[in-house]
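Report on the structure given below.
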Amino acid sequence: MKKIIIVLCAFLAAGALSSGCSDKKTTAEVSLKLDSQKAEWFKEAKFGMFIHWGLYSILEGTYNGHTLPDTTFAQGNSWYAEWIKPRLEVPDEYYNGLVNEFNPVGYDPVSWVREACNAGMKYLVITAKHHDGFALWDSDVSDFDIAATPYKKDLIAPLVEACKKYGLKYGFYYSHWQDWEDPDGALPFWCPWRPDEDFEKYWQRKSLPQVKELIEKFDPDLLWFDTWDWDTHITPERRDELIRLVRTYSDKCLINGRICYTNPGDNIDFLEMHDNLYPKEMLDKPWQTPATMQNSWAYHGKDYNWKPATRMLRYLVHNTSMGGNYLLNVGPKADGTLPVPAVRRLREMGAWLGANGEAVYGTKPSSLKVDDKDVYLTEKTEGDENILYIFITEPKPSVTVPCALSNGCRSLETGQPVDMETKEGSTEIRIPENLFKDRSIVVLKAGLVTAK
Ligand code: GLC
Numbered sequence: 010m011k012k013i014i015i016v017l018c019a020f021l022a023a024g025a026l027s028s029g030c031s032d033k034k035t036t037a038e039v040s041l042k043l044d045s046q047k048a049e050w051f052k053e054a055k056f057g058m059f060i061h062w063g064l065y066s067i068l069e070g071t072y073n074g075h076t077l078p079d080t081t082f083a084q085g086n087s088w089y090a091e092w093i094k095p096r097l098e099v100p101d102e103y104y105n106g107l108v109n110e111f112n113p114v115g116y117d118p119v120s121w122v123r124e125a126c127n128a129g130m131k132y133l134v135i136t137a138k139h140h141d142g143f144a145l146w147d148s149d150v151s152d153f154d155i156a157a158t159p160y161k162k163d164l165i166a167p168l169v170e171a172c173k174k175y176g177l178k179y180g181f182y183y184s185h186w187q188d189w190e191d192p193d194g195a196l197p198f199w200c201p202w203r204p205d206e207d208f209e210k211y212w213q214r215k216s217l218p219q220v221k222e223l224i225e226k227f228d229p230d231l232l233w234f235d236t237w238d239w240d241t242h243i244t245p246e247r248r249d250e251l252i253r254l255v256r257t258y259s260d261k262c263l264i265n266g267r268i269c270y271t272n273p274g275d276n277i278d279f280l281e282m283h284d285n286l287y288p289k290e291m292l293d294k295p296w297q298t299p300a301t302m303q304n305s306w307a308y309h310g311k312d313y314n315w316k317p318a319t320r321m322l323r324y325l326v327h328n329t330s331m332g333g334n335y336l337l338n339v340g341p342k343a344d345g346t347l348p349v350p351a352v353r354r355l356r357e358m359g360a361w362l363g364a365n366g367e368a369v370y371g372t373k374p375s376s377l378k379v380d381d382k383d384v385y386l387t388e389k390t391e392g393d394e395n396i397l398y399i400f401i402t403e404p405k406p407s408v409t410v411p412c413a414l415s416n417g418c419r420s421l422e423t424g425q426p427v428d429m430e431t432k433e434g435s436t437e438i439r440i441p442e443n444l445f446k447d448r449s450i451v452v453l454k455a456g457l458v459t460a461k
């Protein structure tokens, strides 16, 4: 019966979309909620790869002698290379003309997926369409897409195939709100205001049909929508219309909270933090932090602010200890190759996770609190035993945990035993200096004596 209703709704919704207006009644039977079981893989995943790639990658953060961030044009001060069009006032004809140059002959999706897997990542999210409106797939809805480039071939299809082959979950960033190519899409706040009835035309003509197309063609595990504090036009009605559309065409696709940042409602599947933001409190939904390796998301040739791998591992550990994921971005170059500094960092992180991943995957946040900002905890059950993992991110002689430990305490990576002393329910662990010699995060493993 459920199937019949879904099929019927899909049929009716398809009709509504193709006729350019949506009849909310026809899709009313579709529940906006997704069964929370379907988000289990996401909670277990911990670490994912974000990919920002598109026409903007050609410019690498510089246009007409100006490089982002550039305050000459007085329009915000940001490094984000994917924002170059409005920030450096690149004329439409010039920017949209980049389709004639985009020719990523070095694109090798299998190598991207292998880098992600080797780094310890369990899912991948790519900008199928960013704010500039350009689609990386061969879209039936818009001609501003990969088919119009000299490369011609769909970029999403082979990536999806590679993800399936290597067992990586995959999702798409889709800019449902900002669209700088469509005459009616939303524009940055410093540009002329779009009347809402014009935005509605874009919404029905491009945004909803492309989301439907992405689901039908590629069956993603998640959709990553993007709004932030000034999410104009994305009313609760439009938000729910989009959620309903996704639920109609997919019974597995997760939806992130930035579908409407200021008012995500109850029916999204996970919360999306602001860029590079790490919450200090536990949240009651699954969540993740999207994070950059440079300051920019898209490749920026003059942004030399590459974060050290250990700092990024610390963010990962922070989020893991708080029940959240870490979605780390890579900005490929326009030719399809991954920047060398990004690859080195991915491999370094993967090497650390290869040795210490036991403390990350399959664990949950600990209810114990340690009064030390450099220390994070996770827990897991092994047979009858509760295991505590202690991450120490800065060298220090000792750490005190508010519990008794059984079975000794050892370095997870080398097995080196460490001394400890338990007094009145607290254990002081003395950490041998040699453990910090390679300046990496030290993980200790101990049996946890739970208070009766
Ligand atoms: C912001 C930016 C965007 C980037 C995103 C990633 O919303 O507008 O360029 O894709 O954050 O989190």
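This note's numbering numbers the first residue of the sequence shown as 10 and each following residue consecutively. In this text, a Cβ means the ideal position worked out from N, Cα and C, and glycines have one as well. For clarity, every value in this text was computed on a predicted model and none was experimentally measured.
Look at Lys-432 here: in three-state DSSP terms it is strand. Using a 10 angstroms sphere on the CB of Trp-306, the tally of other CB atoms reaches 16 or more, which defines it as buried. Excluding sequence positions up to five before and after Pro-348, its CB lies within less than 8 Å of the CB of Tyr-308, Val-339, Gly-340, Pro-341 and Lys-342, all in the same chain and listed in chain order. The beta carbon of Trp-88 sits closer than 6 Å to the beta carbons of Leu-77, Pro-78, Asn-304, Ser-305 and Asp-312 from its chain, once the five residues preceding and following it are set aside; these are given in chain order.
A direct Cα-to-Cα measurement between Tyr-183 and Thr-390 gives close to 38 Å. The alpha-carbon of Ile-438 is positioned some 36 Å away from that of Val-352. Glu-69 has its CB no nearer than 7 Å to any heavy atom of ligand 1.
Note that the C-beta distance between Ala-137 and Asp-147 is not below 8 Å. Check the Cα spacing between Lys-378 and each of Thr-436, Lys-405 and Leu-337: the tightest is with Thr-436. Across the set Pro-245, Ala-360 and Pro-273, the C-alpha of Ala-360 shows the shortest separation from the C-alpha of Glu-124. When the Cα atoms are used, Glu-422 and Lys-42 turn out to be separated by approximately 42 Å. Assigned with DSSP and collapsed to three states, Ser-415 falls in strand. Boundaries for Trp-199: no beta strand (DSSP E) harbours it, and the DSSP string shows neither H nor E there.
Between Gly-417 and Pro-426, the alpha-carbon positions lie close to 7 Å from each other. Annotated three-state conformation of Trp-237 is coil, per DSSP. About 10 Å separates the Cβ atoms of Leu-196 and Trp-186, ruling out a contact at the 8 Å cut-off.
Closest by C-alpha distance to Asp-228, out of Ala-364, Thr-257 and Thr-244, is Thr-257. Between the alpha carbons of Asp-141 and Glu-102 lies a gap of roughly 13 Å. The beta carbon of Glu-394 sits closer than 6 Å to the beta carbons of Gly-456 from its chain, once the five residues preceding and following it are set aside; these are given in chain order. Restricting attention to Pro-218, Pro-295, Cys-269 and Asp-383, the CA atom closest to the CA of Glu-53 is found in Pro-295. Within a 10 Å sphere around the beta-carbon of Gln-46 sit fewer than 16 other beta-carbons, which makes this residue exposed. Assigned with DSSP and collapsed to three states, Asn-86 falls in coil, not helix or strand. Ranking Trp-239, Trp-62, Arg-247 and Ala-171 by CA distance to the CA of Glu-206 puts Arg-247 first. Per DSSP, the continuous beta strand (DSSP E) segment holding Tyr-179 begins and ends at 178–183. Within 10 angstroms of the beta-carbon of Asp-380 lie fewer than 16 other beta-carbons, which makes it exposed.
With respect to the C-alpha of Leu-337, the residue from Val-326, Ser-151 and Ile-264 having the closest C-alpha is Val-326. For Pro-95, there is no enclosing beta strand (DSSP E); the enclosing alpha helix (DSSP H) has its first and last residue at 93–96. Counting along the chain, the unbroken beta strand (DSSP E) around Glu-394 starts and ends at 394–401. In summary, Gly-176 is exposed, with fewer than 16 beta-carbon neighbours lying within 10 Å of its beta-carbon over all protein chains present. Remark: the C-beta of His-185 is outside contact range of ligand 1, defined as less than 7 Å to any heavy atom.
Just measuring C-alpha positions, the residue of Trp-92, Lys-405 and Pro-350 sitting nearest Gly-63 is Trp-92. Secondary structure note for Val-150: it is in no beta strand (DSSP E), with a DSSP letter that is neither H nor E. In terms of Cβ geometry, Asp-191 and Lys-215 form a close pair [threshold 8 Å].
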